[in-house]
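Taking UniProt numbering, the leading residue of the sequence shown gets 1, the next gets one more, and so forth. Backbone N, C-alpha and C define an ideal beta-carbon position, used for all residues, glycine too. As the structure is a prediction and not an experimental result, all values here were calculated from the model. All remarks here apply to the structure that follows.
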Amino acid sequence: MSELFSYPEFDPKGVKLLTKAGDRENDMLMDIAVYEMKAGEERSFSSQSDEMAVLLLTGEILFSWEDRKEWGKRSSLTEEGPYCLHVSKGVMVSVAAKEDSQVLVQCTGNDREFDSVFYKPENCTNDIFGEGLLDDKMKRTVRTIFDYNNAPYSNMVNGEVINHQGGWSSYTPHEHPQPEVYYYRFERPEGFGACFIGEDVFKIKDGSCAAIPGGRTHPQVTAPGFPMYYCWMIRHLPDNPWTTRVDDPRYNWIKELK
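Below is the structure:
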């Protein structure tokens, strides 16, 4: 297993660990894990030092926190938008599965306290990038759940990309100083693609994970016939939040083509 790319599996307790803050080989500064839940199962999450985002990947769950409850249901990652609960340190979150479900939990240290926000598909940004360029080979759908624009109190970013079948995303090649994690899903288990991190190349499979250090370009491509989903998660740096990308100037000419 590379420190840049991994193929994690669920353990007997239904936990798939993606990254751990403090990893000596490649520190993403975030604790990220996916939890598998059977119908009727309930899990609770809290931290006295970390903010936390709980994202529904598949299934139907009841989110409970403070004095609130909200349902989220999702049967397709490519066709349906996200339900995500974002809370500050010290807030207990419980999720109860009405059917077999999976949730992704992203955490990072944050001393600031802020009001909890429950994001639904209708209040997430949904953008189409690359349309009309190079026969739409770099067209992709980008959903931004929260970032520095709508959550400046947070130390992290959470969003989703739908890489259209046979096409590219995170393209043209770009980088940024902040570390970023991708968690990939395909709706067919035999789906595959390729992840480029600097000069390294890895085969993307369903459930795989990229841990992208700051300063490395990271374009992605998926095979024809296989739309690819990935959750993208960025950790802001002290006094240097992620707000934009730094394009590799060698490829700027591509953006002038039609």
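Distance from the Cα of residue 32 is smallest, within the candidate group 8, 169 and 25, for 8. Just so you know, the alpha carbons of residue 222 and residue 67 end up roughly 42 angstroms apart. Secondary structure of residue 62 (DSSP, three-state): strand.
Under DSSP, no beta-bridge partner is assigned to residue 111. Ranked by how close their Cα comes to the Cα of residue 126, the residues 78, 48 and 64 have 78 in first place.
By the neighbour-count criterion, in which 16 or more other beta carbons inside 10 Å mark a residue as buried, residue 39 falls on the exposed side.
The beta-carbon distance between residue 216 and residue 197, rounded to whole angstroms, is 5 angstroms. This is short enough to meet the 8 angstroms contact definition. Here DSSP, grouped into helix, strand and coil, assigns residue 80 to coil. Annotated three-state conformation of residue 131 is coil, per DSSP. Ranked by Cα distance from residue 113, the first of 14, 95 and 89 is 89. In the structure shown, residue 70 adopts extended strand secondary structure according to DSSP, grouped into three states. Between residue 59 and residue 35 the beta-carbon gap is near 11 angstroms, outside 8 angstroms, which marks them as no contact. A contact between stretches requires three or more CB pairs, one per stretch, nearer than 8 angstroms, and the stretch 198 to 209 fails this requirement with the stretch 79 to 98. When secondary structure is reduced to three states using DSSP, residue 242 falls in the coil class, being assigned neither helix nor strand. Note that the C-beta distance between residue 167 and residue 140 is below 8 angstroms. Within the same chain, and ignoring the five residues on either side of residue 236 in sequence, the residues whose Cβ sits closer than 8 angstroms to its Cβ are 148, 154, 155, 156, 157, 178 and 242.
Taking the CA atoms as reference points, residue 5 sits about 32 angstroms from residue 62. Taking 8 angstroms as the cut-off, the beta carbon of residue 229 is found no closer than this to the beta carbon of residue 128.
Look at residue 199 here: in three-state DSSP terms it is coil, with no helix or strand label. Distance from the CA of residue 19 to the CA of residue 107, rounded to the nearest whole angstrom, comes to 10 angstroms.
Here DSSP, grouped into helix, strand and coil, assigns residue 250 to helix. Here residue 123 carries a helix assignment [DSSP, helix/strand/coil].
Remark: C-beta atoms of residue 202 and residue 226 do not approach each other more closely than 8 angstroms.
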